[in-house]
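Before any comments, here is the structure.
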Amino acid sequence: MFQTKPVVVQTSNFGGAQGTSFNDNEAVTNFPNTDPGLTIDPVHPIKQMDIYGGWVVDAISTTYRLSDGSTKVIKRGSNQSADNLHSVVLKDNEIISQICGFAGPYQYYNQSLLIQVQFVIFDTQTGAVRVAGPFGGTGGLASGKLFSVSNPMALAGFETAGSAQTGISGLSIVKHNMAE
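Residue 33 in the UniProt record's numbering sits at position 33 of the sequence shown, and the numbers go up by one each step.
Right, here's the structure in full:
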């Protein structure tokens, strides 16, 4: 039997656990919602990601595609200016097949944070692959522990909204099995 709905799982947290926990999969669909059919599109879940990064990843704004054809934008982390903004726009036939990066203790801020992130993007029509990033980790340098997650659908983790430069302390990926 062919599976038509994704099995959704969430990875462990990469980085710290300071601040408030968040889960975009729940926030985007207003979980628990009155319309159980509203989900993030399992085939093309992400339309755009805006990453604000300097020494570490300060904030991420994600535009999600929903099953009803609409989109919803969720921003996580600290308030940032456009000076350190990096936008990753996906074409209609592209998906983020992998999110990887570094997270963990960051000595300057004396806490564990999301330090660096990058995206492997796959074109489902041509088979072309491109990499966006790395974002964060000044000069492309990163400390912490490597993480790598396939088939991302939504972000989760911990944020310290409004706190300068330490907006995302930890990142967890909500993923699905539709592309595996």
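Glycine is no exception: its CB is placed at the ideal position from the N, C-alpha and C atoms.
Please read all numbers here as calculations on a predicted model, not as lab measurements.
Assigned secondary structure, residue i (DSSP; H/G/I helix, E/B strand, else coil)
i    : result
V28  : helix
D83  : helix
T124 : coil
T71  : strand
T39  : coil
T138 : helix
N154 : Reading off the sequence, residue 154 comes out as Ala, not Asn. In this structure, A154 counts as strand in the three-state DSSP scheme.
Q98  : strand
L146 : strand
P45  : coil
G53  : strand
G133 : strand
G19  : coil
T166 : coil
Y108 : coil
V7   : coil
D92  : coil
Close Cβ partners of residue i (< 6 Å) along its chain, the five nearest in sequence each way excluded
i    : result
F122 : I95, S97 and V129
V120 : S97, Q98 and V131
S172 : Q10, T11, N13, A156 and G157
V57  : L114, V117, G136 and I168
T138 : W55
A17  : F158 and G170
Whole-angstrom distance between residue j and residue i, CA atom to CA atom
i    : j    : result
P152 : D83  : 27 Å
M1   : S78  : For M1, the predicted structure reports a pLDDT of 47, less than 50, and the residue's modelled location is therefore unreliable. The matter cannot be settled from this model.
D68  : M49  : 20 Å
N30  : V43  : 20 Å
P134 : E26  : 27 Å
K145 : G104 : 6 Å
T71  : Y64  : 5 Å
Classification of residue i by the beta-carbon crowding that lies within 10 angstroms, buried from 16 upward
i    : result
S81  : exposed
Y52  : buried
K91  : exposed
V28  : buried
Q107 : exposed
V7   : exposed
T126 : exposed
V174 : buried
Supposed close pair residue i, residue j - CB separation, criterion 8 Å
i    : j    : result
S148 : C100 : 4 Å
G15  : L113 : 6 Å
Y109 : T160 : With 8 Å as the limit, Y109 and T160 do not qualify as a contact, their Cβ atoms being about 11 Å apart.
A156 : F22  : 6 Å
F102 : S143 : 7 Å
Beta carbon proximity, residue i to chain C, threshold 8 Å
i    : result
G133 : Going by chain labels, chain C is absent from the structure shown, which holds only one protein chain.
Other residues of its chain near residue i: CB distance less than 7 Å, five sequence neighbours each side excluded
i    : result
H176 : P6, V7, V8, P42, N151 and M153
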